[in-house]
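Q:
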Amino acid sequence: MWPVVAALARTYAPYLLFPVTATIGFFGYMYESNFRQINVPFKSTTIQEERDQRKLEEVKEQTDLTNLKSLKSKPNVPTSILDRNDKSNITKGTPVQDTS
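For the sequence shown, position 60 matches number 60 in the UniProt record's numbering, and the numbering has no gaps at all.
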């Protein structure tokens with residue numbers, strides 16, 4: 001008898017439990033919306049506008065706009081993969097442990 005009940009429960013479980021879970025979810029959602037009344041203050045400006053304003057303020061603070069770093073120079077990038085672990089390319093301040 002129990003194997004038959006287990007087989008029926010396995011077969012019809014989605015049809016029986018889906019309405020129950022949907023009902024519980026609906027009541028939970030209504031409870032949250034009625035009792036938690038959280039007022040979210042909306043921003044007057046978008047994130048993009050705030051970023052643009054910050055970038056403009058950074059440009060205003062610079063005294064000499066022509067004194068920029070070259071985009072072609074890449075001081076921290078090794079010229080080849082073989083130079084990646086070369087001790088002379090490591091910047092000062094980082095300890096180097098010699099394993100040899």
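In this text, a Cβ means the ideal position worked out from N, Cα and C, and glycines have one as well.
#1: With DSSP collapsed to three states, give me the class of Q81.
#2: Using the three-state DSSP reduction, which class does L65 fall into: helix, strand or coil?
#3: Name the two residues that bound the continuous alpha helix (DSSP H) containing P41.
#4: Quick check: what's the CA-CA separation for Q37 versus N67?
A: So, from the data block:
#1: The sequence shown places Ile at residue 81, not Gln. DSSP places I81 in helix when its eight states are reduced to three.
#2: coil
#3: From DSSP, P41 is part of no alpha helix (DSSP H); its letter is neither H nor E.
#4: 53 Å
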